[in-house]
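Engineer: Below you will find the structure I want to go over with you.
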Amino acid sequence: QMAAKINEAHDHIAKAEKYLRTSFMKWKPDYDSAASEYSKAAVAFKNAKMLEEAKEAYLQEAEAHTNNKTYPFNTCVSVQDMQRIPEAIQYIERASMMYVENGTPDTAALALDRAGKLIESQDLAKAVDLYQKAASVFENEDRLRQAVEMLGKSSRLLVRQHKLDEAAVSIQKEKNMYKEIENYPTCFKKTSAQVLVHLHRNDFVAADKCVRESYSLPGFSGSEDCIALEQLLQGYDEQDEDQVHRVCNSPLFKYMDNDYAKLSVSLRVPGGGKKKKAPAADAGEGGAGAREADEDEYAGGLC
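Read the sequence shown against UniProt numbering and you will find it ends at 303, with the numbers running on by one and no gaps.
Printed below as a string of structure tokens:
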């Protein structure tokens with residue numbers, strides 16, 4: 001049975017090569033038919049456990065699709081099935097470029113998004129690159145809601161990699177887009193994310209500027225986000241560890257996306273900070289000792 005599969009594969013290869021030949025009466029290769037035969041050959045090789053030959057057949061299928069100005073996206077999926085994800089990503093990127101060139105940018109962006117999901121567990125930096133490209137495609141089509149979703153994925157992965165300078169730029173882009181589509185409550189959340197990133201960068205001035213600028217957003221002044229951020233900045237500036245801890249462990253911060261929540265619970269004031277003495281009224285309710293216990297509870301970060 002294995003031999004039959006191998007023979008079947010070679011038959012399909014021979015047919016594909018025949019379709020690619022030109023003659024006096026046939027001036028142009030039949031790329032579409034050749035691609036179909038290469039695809040069948042690849043499946044036959046795969047069933048025969050000849051993975052290198054299957055890969056080569058898939059690559060020949062992709063080349064035929066490229067010459068025919070069609071899209072080798074199925075090829076990418078097939079290569080991915082063979083656990084060759086980095087190669088699959090290369091072909092998805094090529095396919096996405098062709099989708100854009102041929103007037104189907106939405107399909108291009110969705111392909112890039114899918115590629116980002118595929119590679120995320122292996123290469124965070126490449127996933128960021130793919131999500132950013134998807135965002136650019138959507139943005140060029142004025143599809144800002146889709147674009148900002150891709151940027152959000154990129155920002156979170158940059159934080160996860162501790163690339164905080166790049167994350168700060170990415171989150172600002174998100175905030176600008178949410179402002180443009182008038183989704184102000186999400187702008188408030190992005191301000192919180194910005195502040196956490198800037199404070200982890202030890203840049204209090206940038207964090208403060210983000211909050212000051214947000215006062216121009218409708219509804220920000222007096223909102224719970226605004227009050228919490230003002231308290232956080234005050235505590236950080238005054239090196240009041242208690243206040244920073246209290247704000248960072250409030251539900252507003254603890255239930256952010258996980259990557260930002262981890263920034264929140266791991267934030268420390270400059271120089272190690274200091275604890276303010278608990279008033280007598282607090283002492284009866286556990287006072288500073290209870291707060292220290294709380295700190296121990298979150299010391300390992302939020303998982």
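Glycine residues also receive a C-beta, built at the ideal position from the N, C-alpha and C atoms.
#1: Is the Cβ-Cβ distance between Val-100 and Ala-111 less than 7 Å?
#2: Quick check on this structure: which residue in Trp-27, Tyr-260, Lys-49 and Ala-147 has the alpha carbon closest to the alpha carbon of Lys-163?
#3: If you draw a straight line from the C-alpha of Arg-156 to the C-alpha of Ala-42, how long is it?
#4: Hey, would you say Met-150 sits closer than 7 Å to Ala-135, going by beta carbons?
#5: Where does Asp-129 fall in DSSP's three states?
#6: Going along the chain, which unbroken runs of the alpha helix (DSSP H) with 4 or more residues stay wholly within the region 134 to 203?
#7: Out of Ser-223, Lys-126 and Leu-196, which one is the CA nearest neighbour of Asn-258?
#8: With three or more beta-carbon pairs closer than 8 Å as the criterion, would you say the region 220 to 238 touches the region 174 to 194?
#9: Which partner residues of Asp-225 appear in the DSSP bridge assignment?
#10: Hey, quick one: how far does the alpha helix (DSSP H) through Ser-96 stretch, first residue to last?
#11: Please report how far the alpha carbon of Ala-35 lies from the alpha carbon of Asp-106, in whole angstroms.
#12: Which of the three DSSP states is assigned to Asp-30 in this structure?
Structural biologist: Taking the geometry as given:
#1: No; because the gap between Cβ atoms is not below 7 Å, this pair is not in contact.
#2: Of the candidates Trp-27, Tyr-260, Lys-49 and Ala-147, the one whose C-alpha sits nearest the C-alpha of Lys-163 is Tyr-260.
#3: Arg-156 and Ala-42 have their C-alpha atoms spaced approximately 38 Å apart.
#4: With contacts defined by Cβ atoms closer than 7 Å, Met-150 and Ala-135 form a contacting pair.
#5: In the structure shown, Asp-129 sits in a helix (DSSP, three-state: H, G or I).
#6: Entirely contained in the region 134 to 203, the alpha helix (DSSP H) runs reaching 4 residues are, in chain order, 144 to 160, 164 to 180 and 184 to 200.
#7: Among Ser-223, Lys-126 and Leu-196, the Cα nearest to that of Asn-258 belongs to Leu-196.
#8: As far as the Cβ criterion goes, the region 220 to 238 touches the region 174 to 194, which means the pair count is three or higher.
#9: Partner(s): none; Asp-225 has no beta bridge.
#10: Element bounds for Ser-96: 85 to 101.
#11: Computed Cα separation, rounded: 24 Å.
#12: For Asp-30, the secondary structure class from DSSP, reduced to helix, strand or coil, is coil.
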